[in-house]
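What follows is a short report on a single structure.
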Amino acid sequence: MATDQRTELSDALAAQGYVTDASLVSSLYLMGKLGKPLLIEGEAGVGKTEIAKCLSSAWGRKLIRLQCYEGLDAQNALYDWDYQRQLLAIQMQAPAQSTAKSLASDLKNSLYSVDFLLKRPLFEAIASDTPVVLLIDEVDRADQEFEALLLEVLSDFQISIPELGTFTARSQPTVILTSNGIRELSDALRRRCLYHYIDYPGSDTEQKIVKSRLPGIDENLARQVVAFVQNIRTKGLRKSPGVAESIDWANALMTMGVNDLHSDPELSNSTMSCLVKTRNDLELIKQEQHKLYQTDEQ
Amino acid sequence: MNTANNTVPSVSNRILDFTQLLRTNGFTIEPSCITDVMQVAADRGLRDHNQLRLGFKCCLCKTPEQWKKFDKLFFAFWANRISYEETQHNNASQGGVVSSSHNQRMVGLAGTSSEKQQSVNVYGSGDYTALSLADFRFVFNPAEKRLIDQFVDELAQRCRRRHIKKTRLSHSGSRVALSKSIHQSLRYQGKVFQLRFHKRRQKLPSFVLLLDISQSMDVYARLFLRFTRKLLSAFETSHAFAFNIELIDLGKGFYSLDESHFEHAINTASQGWVGGTRIARSFEDFNNNHLGALVKSHTTILIFSDGCDTDTPDVLAEQLKIMSHKARRVIWVNPLKGRFSEEHIETRMQPLQPFISHYLSAHNLPSLVKLQRVLLN
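Top line first, the protein sequences correspond to chains R and E. Under our numbering, read the first sequence as residues 811 to 1108, first letter to last. Under our numbering, read the second sequence as residues 9 to 385, first letter to last.
Following this line, the structure appears as structure tokens:
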């Protein structure tokens, strides 16, 4: 039974063009089975964010994405009060009320109600009637205070608003958190999540991914591109290319009409900016280009 | 209903033994994780080791390091060829962390004063104190090395935590915080009497690290490189260089490599841990090619070197003078400072002193703590 469900999940992701392995399928299956959020760590460009997108498409669920950044706070992630509307409401009610006392009691009841609440991504996911996929992207970019805010959502799927009370999820969202490991996440956050680490894929898997994303690519070119990328990942570049960069580069080569990396090295080099992102890396690649192509041929 | 209860007692015990093994190898296993693992075992059965491994891995690992280490421990335990006790023993010999009763204290107290040596207990709780006082040169036990590594990692990460960028509000400023201003105006029936402003964000400190990787620095440099990697990952604007007879740009990508790859990358880029050091020439190269682009008025230059240079101290002082004019401060960390007497080092460092803001040691844990305090000041 469980095996069937895992196979279904794997097929559903494959239908969305996401090539996965048994380990990731197992983690995604457990995420649903145990009802826990899944924290996915790994280098940039290995397909962490893509998992959430493909899952939402595969399951036909709405994707709610919260992109984290330094300074992200409750007002931008959970909820905020619509101050402009509150202001208008006060000014509209003020002339009608005869005494300040009656105005105050009336405002107390009306101003802090759901009508004046602005739902931000986390609240939207909790308040949704149908299950959604909630992607909390690059959580390591947010501050530690924000991690503390997340704890209640991740463990109990609820949000407490002091003025209104506690809102519990009507339907439990599927929560995926991603991290590039820029900052160490707190133990409290890790404890509430299942964990999966995505490494750079092996040569065969990467070829499958490239072919899946670029169906028209020449078999030989896909093999050469992947071999080249796998090789330069071992060179200690400042920014090692991820799978996304491999796909971009292969796409650029296809667009330029290249079917063989060795046929026109200059043309291949002109597209290298898809693969390496800093001047130093570009210079390093140029220096070692000869060796890299040789290794690729082997 | 509770699937966790469906696992037979002996299996539960075996799972508990396995979690115990993981704990002794540095995994943090919460009771809730054990419940999850029991559910996985009930769901998948114990026959399919591969599925069991994947399920357990997802529930019990919490960091990339644990993720990479997990399979080895799983196979060692569940292959049934090796008993739990044997596994523990093997881990001890391969560098795994074992319980303190099994572990003899290996840390020497060389590098600490005789009074301190007498005051430190040999076993039990005194172990940590002994470890904290020991010179890094005399730490040979893999378990204790790992403890120091962990501490170094935390040290670098704590630097970052202290400098969290957060928007704060104030009564004056240039950017109006609209929502707070309106919120405040509610008490005046919506009339905006007082404005609130966003305070300017605290600027993250930026570091430029210059690391001596000559042979004389071998023991300390490896540990400091670890510190560097973590610091680079914590402060994105920081930059690192290594030098022996020439300057090597470590950039920022190096922090993502693990220790063995990191060392391999350094060996590939340089000539390895070679004998001589040309500090002045390396600094000259840095000043000519990188100082302008990387060092701003808020940048701290952190030099990690024993100061043994084949060039004369005056030439080195000249280069340091250029650095000190551009940077906020220049911190020189010399691990030999705690090893030899002050006079011994002073003869070499004397001409450099006017251009150095802080001159520190980094030969043991307390000295690293002191370094952290200075970095955050």
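Positions of the beta carbon are idealized from the N, C-alpha and C atoms, including for glycine. Note that the coordinates shown come from a computational prediction; the quantities given were computed from them, not determined experimentally.
As a beta-bridge residue in DSSP terms, Glu-851(R) pairs with Ser-989(R), Tyr-1007(R). Put simply, the CB of Ala-887(R) is far from chain E, with every gap to its CB atoms at 8 Å or more. Think of a sphere of 8 Å around the beta carbon of Leu-897(R): the chain E residues whose beta carbon falls inside it are Ile-190, Ser-193, Leu-194, Gly-198, in chain order.
Of all residues in the segment 829-863 of chain R, only Ala-832, Ser-833, Ser-836, Ser-837, Leu-840, Lys-843, Leu-844, Glu-851, Glu-853 come within less than 7 Å of chain E when Cβ atoms are compared, listed by chain position. With respect to the C-alpha of Met-1064(R), the residue from Val-1053(R), Val-1035(R), Asn-1090(R) having the closest C-alpha is Val-1035(R). Distance from the CA of Glu-973(R) to the CA of Asp-890(R), rounded to the nearest whole angstrom, comes to 12 Å.
Distance from the CA atom of Leu-819(R) to the CA atom of Gln-826(R), rounded to whole angstroms, is 11 Å. In this structure, Cys-878(R) places its C-beta atom within 8 Å of the C-beta atom of Ala-952(R). In the DSSP assignment, Ser-214(E) falls outside any alpha helix (DSSP H) and lies within the beta strand (DSSP E) extending over 214-220.
Residue-level contact check: Asp-925(R) does not touch chain E, since none of the beta carbons of chain E fall below 8 Å from its beta carbon.
Secondary structure at Thr-813(R): helix, using DSSP grouped into helix, strand and coil. Within chain R, Glu-851, Tyr-1005, His-1006, Tyr-1007, Asp-1009 have C-beta atoms less than 9 Å from the C-beta of Trp-75(E), given in sequence order. For Thr-1015(R), no beta strand (DSSP E) encloses it; the enclosing alpha helix (DSSP H) starts and ends at 1013-1023. When DSSP states are grouped into helix, strand and coil, Thr-978(R) belongs to the strand group. DSSP places Thr-1065(R) inside the alpha helix (DSSP H), whose first and last residues are 1053-1065.
According to DSSP, Gln-877(R) shares a beta bridge with Asp-947(R). At a cut-off of 8 Å, the C-beta of Gly-991(R) has a neighbouring C-beta in chain E. Under a criterion of Cβ atoms nearer than 8 Å, the residues of chain E adjacent to Gln-894(R) are, in order, Ile-190. Exclusion of the five residues before and after Arg-895(R) leaves Phe-926 as the residues of its chain whose Cβ lies within less than 7 Å of its Cβ. Counting only Cβ-Cβ distances below 8 Å, Thr-285(E) has no contacts in chain R at all, with the closest Cβ about 23 Å away.
The bridge partners DSSP lists for Asp-319(E) come to none.
Here Tyr-828(R) carries a coil assignment [DSSP, helix/strand/coil]. Sequence-distant partners of Phe-363(E) (beyond 5 residues in either direction) whose C-beta falls short of 8 Å from its own C-beta, in its chain, are Ala-325, Leu-328, Lys-329, Met-331, Ser-332, Val-338.
Lys-65(E) has its alpha-carbon roughly 12 Å from the corresponding atom of His-57(E). Across the structure, Asp-966(R) and Tyr-839(R) are spaced so that their CA atoms are roughly 20 Å apart. Within the same chain, and ignoring the five residues on either side of Tyr-1007(R) in sequence, the residues whose Cβ sits closer than 7 Å to its Cβ are Glu-851, Gly-852.
Straight through space, the alpha carbons of Phe-312(E) and Val-216(E) are spaced by roughly 11 Å. In chain E, no part has a C-beta under 9 Å from the C-beta of Asp-821(R); the shortest such distance is about 17 Å. If you draw a straight line from the Cα of Pro-321(E) to the Cα of Gln-361(E), it comes to about 11 Å. Contact of Ile-900(R) with chain E is assigned, a C-beta pair being separated by under 8 Å. The bridge partners DSSP lists for Ile-37(E) come to none.
Judged by DSSP in its simplified three-state form, Gln-223(E) adopts helix. Residue pairing of Asp-890(R) in beta bridges, as defined by DSSP: Leu-928(R). Using a 10 angstroms sphere on the CB of Tyr-1005(R), the tally of other CB atoms reaches 16 or more, which defines it as buried.
For the C-beta of Asp-1014(R), not a single chain E residue is nearer than 7 Å; the gap to the nearest is close to 18 Å. Within chain E, no C-beta atom comes less than 9 Å from the C-beta of Asn-1041(R); the nearest is roughly 14 Å away.
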